[in-house]
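Accompanying notes for the structure given below.
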Amino acid sequence: MAFRNVTTSDRGAVRTLTVNRPDKLNALNRETIGELTLAFRQAAQDDAVRVVVLAGAGDKAFVAGADISEMTAWSPTRAQAASRAGQELMLTIERLGKPVLAKIQGYALGGGMELAMACHLRVASDRAKFGQPEIGLGLIPGFGGTQRLTRLAGRGAALELCLLGHQIDAARAERLGVVTRVVPADELDATVDGMADQLAAAAPLALKGILDAVIEGAECAIDQGLAFETQGFAIAFSTDDMREGTGAFLERRKPSFKGS
Ligand code: CAA
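Residue numbers (the numbering used here): 598 to 857.
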């Protein structure tokens with residue numbers, strides 16, 4: 598299906614979804630949120646896709662937030678629905694069962710930072726800027742920022758960024774654990790491609806086991822989290838890929854994982 602605000606491209610098993618509203622710094626309007634949710638669901642269902650890269654079009658922004666021009670006429674009820682739709686997108690990404698990598702070349706603000714934080718890995722250019730500026734609009738983050746920033750960076754950093762609303766650079770975001778890796782701007786594409794290729798070549802069911810155990814386990818008591826881990830560990834032993842990976846190690850060759 599063709600989208601208006603999201604472009605899709607495949608390179609082997611790597612699907613790239615690009616938010617494509619560069620004139621509006623890729624701000625997330627309602628239509629874009631709907632399209633992204635659908636595009637991620639399609640990627641989840643497509644066995645040929647093993648990794649998703651999420652990017653923003655143009656040089657300036659990954660995503661500069663929810664679309665402020667849509668918000669001015671919202672009632673509290675409409676705002677509630679919009680918040681839930683945004684949160685649903687973020688949960689769809691977080692629970693995709695396949696690794697999602699955010700490629701961040703510029704502003705990741707408000708809903709854009711929330712979108713990045715829902716991804717499993719974040720690679721940023723050294724020119725990228727992060728922030729939760731909603732307080733300056735008389736708002737609070739509505740797409741999960743208060744929760745994911747706290748989980749990623751701790752309560753102190755979440756309160757600092759949300760209460761003061763200032764931007765931070767990529768180096769600080771990396772120190773806070775919000776960004777996985779920062780690279781010079783001209784190395785961003787190659788770094789993301791390399792990371793995506795590594796993930797695309799890995800055993801998909803083992804990747805899923807890790808995602809499930811880490812993400813679901815972070816939300817529950819350790820006993821239950823350990824049960825998730827045991828479940829994923831046992832499932833791995835039912836796969837050809839586990840036999841291939843261990844066999845290749847013992848035979849001193851590179852494994853070739855098939856996804857079964
Ligand atoms: N919503 C709608 N339009 C946006 C936008 C947003 N979040 N961010 C940028 N744009 C639009 C601008 O209105 C402008 O459009 P026009 O050319 O038609 O006027 C275009 O994108 C370019 O932006 P600027 O001219 O402002 O570019 P700049 O380089 O001067 O500034 C910026 C860049 C600092 C990122 C600035 O655009 C900015 O502050 N944007 C808003 C950031 C923000 O507050 N985000 C949070 C939104 S609320 C939210 O996300 C809530 C939530 O949690 C769900």
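Where a beta carbon is used, it is the ideal one built from N, C-alpha and C, also for glycine.
Since the model is a prediction, treat every value here as computed from it, not as a measurement.
Is residue i a contact residue of ligand 1, with contact defined as CB to any heavy atom under 7 Å?
i	result
Lys621	yes
Ser672	no
Ser606	no
Asp664	yes
Phe740	yes
Pro730	yes
Ala624	yes
Gly708	yes
Ala676	no
Ala661	yes
Gly683	yes
Leu736	yes
Glu691	no
Glu628	no
Glu711	yes
For residue i, report the span of its alpha helix (DSSP H) as first-last.
i	result
Thr605	Segment Val603 to Arg608 is the beta strand (DSSP E) holding Thr605; no alpha helix (DSSP H) there.
Ala640	Arg627 to Gln642
Phe858	Residue 858 lies beyond the stretch modelled for the chain, which goes from 598 to 857, so this question has no answer here.
Leu712	Gly708 to Ala715
Thr674	Pro673 to Glu691
Ala755	Arg752 to Leu761
If you reduce the DSSP assignment to three classes, tell me which class residue i lands in.
i	result
Lys805	helix
Gly733	helix
Thr613	strand
Lys621	helix
Ala793	helix
Phe740	coil
Thr727	One detail in the question is off: residue 727 reads as Phe in this sequence, not Thr. Note: Phe727 maps to strand in three-state DSSP.
Asp786	helix
Arg850	coil
Val775	coil
Ala815	coil
Ala663	strand
Ala810	helix
Ala670	coil
Ala768	helix
Considering residue i, what are the terminal residues of the beta strand (DSSP E) in which it resides?
i	result
Ala800	Taken as a continuous stretch (DSSP letters only), Ala800 belongs to no beta strand (DSSP E), as it is neither H nor E.
Ala699	Val697 to Ile701
Arg719	Leu718 to Ser722
Gly653	Val648 to Gly653
Ala845	That residue, Ala845, is in no beta strand (DSSP E); its alpha helix (DSSP H) goes Asp837 to Leu847.
Ala658	Ala658 to Val660
Between the options, which has its C-alpha nearest residue i's C-alpha?
i	options	result
Pro738	Glu711, Phe727 and Leu785	Glu711
Leu651	Thr674, Asp820, Ser666 and Met714	Met714
Thr827	Gly662, Asp809, Arg638 and Lys621	Asp809
Asn626	Leu686, Arg608, Gly694 and Ala818	Leu686
Thr770	Arg850, Ala754, Pro852 and Ala624	For the record, residue 770 in the displayed sequence is Ala; it is not Thr. The candidate whose alpha carbon is nearest that of Ala770 is Ala754.
Asp656	Val616, Ala636, Ala682 and Ile765	Val616
Leu773	Gly762, Glu784 and Leu758	Leu758
Pro730	Thr743, Gln764 and Val720	Gln764
Ala663	Arg618, Phe600 and Gly844	Arg618
Leu622	Gly694, Ala610, Thr629 and Ala661	Ala661
Ala782	Phe659, Thr689 and Ala818	Phe659
Val611	Arg692, Ser680 and Leu698	Leu698
Gly791	Asp644, Thr629, Val649 and Ala641	Val649
Tyr704	Ala599, Ala624, Thr605 and Phe854	Ala624
From residue i to residue j, what distance separates their C-alpha atoms?
i	j	result
Glu632	Thr777	26 Å
Ala833	Cys716	23 Å
Gly653	Leu718	15 Å
Arg840	Leu736	52 Å
Arg724	Leu706	13 Å
Gly751	Ala815	13 Å
Pro696	Asp607	15 Å
Phe825	Gln744	22 Å
Using a beta-carbon distance below 8 Å, is residue i in contact with chain C?
i	result
Asp786	Here chain C cannot be found, since the structure has a single protein chain.
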